[in-house]
Amino acid sequence: MFTFVPEYRFDTFDMASAEFLKSIGVKGIVLDVDNTLEPYENPLPTEKVVEWFKSLYENGIKAAIVSNNGKERIDLFNSEIGIPAYSKAGKPKKKYILRAMTDMDTDRESTILMGDQIFTDVWAAHNAGIRAILVPPIKDKRDFLTRFKRLLERPVLRKYERKKRKGK
Ligand SMILES: [Mg+2]
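Here our numbering runs 1334 ahead of the position in the sequence shown, where the first position is 1.
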């Protein structure tokens, strides 16, 4: 797999429905929180997120959180969902993704990661040998560093589009 090129791209997290995940053999999903499920300023999951988690659960798909954000944020966010959750995970390192896979009792083929950052989330997934779903950041910052990062992402996204066109 190309290091930075995601296997799938969706406009929003909930387009990765339980039905879709099942159709590609996924039994467990590793999740980024910030700007993937909720913007930074939302401390708790909204109704839409909770409903999505419920449908995963009802379809026997496990989930875990692996975030680079701090423990307080992640524990509060997870307080009502109650899934395995790791904060300060240091993505693109694979350590906590592997730990989440142990928690979910899944293997490389049956696990996927979803996140909004190519050089953090997608890279981490591929370091762990699992597939990745990329979603656009819910609320993108407009500072210089973010714009620079988006610029670096462009060739990666072009490569994704080329791969998709070839049906790979
Ligand atoms: Mg994020």
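Don't be surprised by glycine CBs; every beta carbon is placed ideally from N, CA and C.
Residue j beta carbon less than 8 Å from that of residue i
i	j	result
I1363	I1431	no
K1493	A1458	no
I1464	P1373	no
I1399	L1365	yes
N1403	V1360	no
L1378	F1411	yes
I1506	F1344	The question about residue 1506 has no answer here: the residues shown for the chain are numbered 1335 through 1502.
A1462	K1498	no
N1393	A1350	no
For residue i, the three-state DSSP class (helix, strand or coil)
i	result
Y1333	This structure gives no information on residue 1333, because the portion of the chain shown stretches from 1335 to 1502.
Y1494	helix
D1439	coil
L1355	helix
T1380	coil
L1447	strand
Y1374	coil
K1427	coil
A1462	coil
R1290	This structure leaves residue 1290 out entirely; the chain is present only between 1335 and 1502.
I1467	strand
Other residues of its chain near residue i: CB distance less than 7 Å, five sequence neighbours each side excluded
i	result
T1370	F1347, M1448, G1449, D1450 and V1469
S1444	G1359, V1360, K1361 and G1362
R1433	Y1420
Close-in-space but distant-in-sequence residues of the same chain around residue i (CB under 6 Å, 5 per side omitted)
i	result
D1279	Missing from the structure shown is residue 1279; the chain here goes from 1335 to 1502 and no further.
N1376	none
Neighbourhood of residue i by C-beta, 8 Å cutoff - its chain only, sequence neighbours within 5 removed
i	result
I1408	V1367, I1399, S1401, A1419, Y1420 and S1421
- Counting pairs of Cβ atoms below 8 Å between the stretch 1378-1387 and the stretch 1464-1483, do you hit three or more? no
- Please list, in chain order, all residues with a C-beta atom less than 6 Å from at least one heavy atom of ligand 3. This structure simply doesn't include ligand 3; it includes ligand 1 instead.
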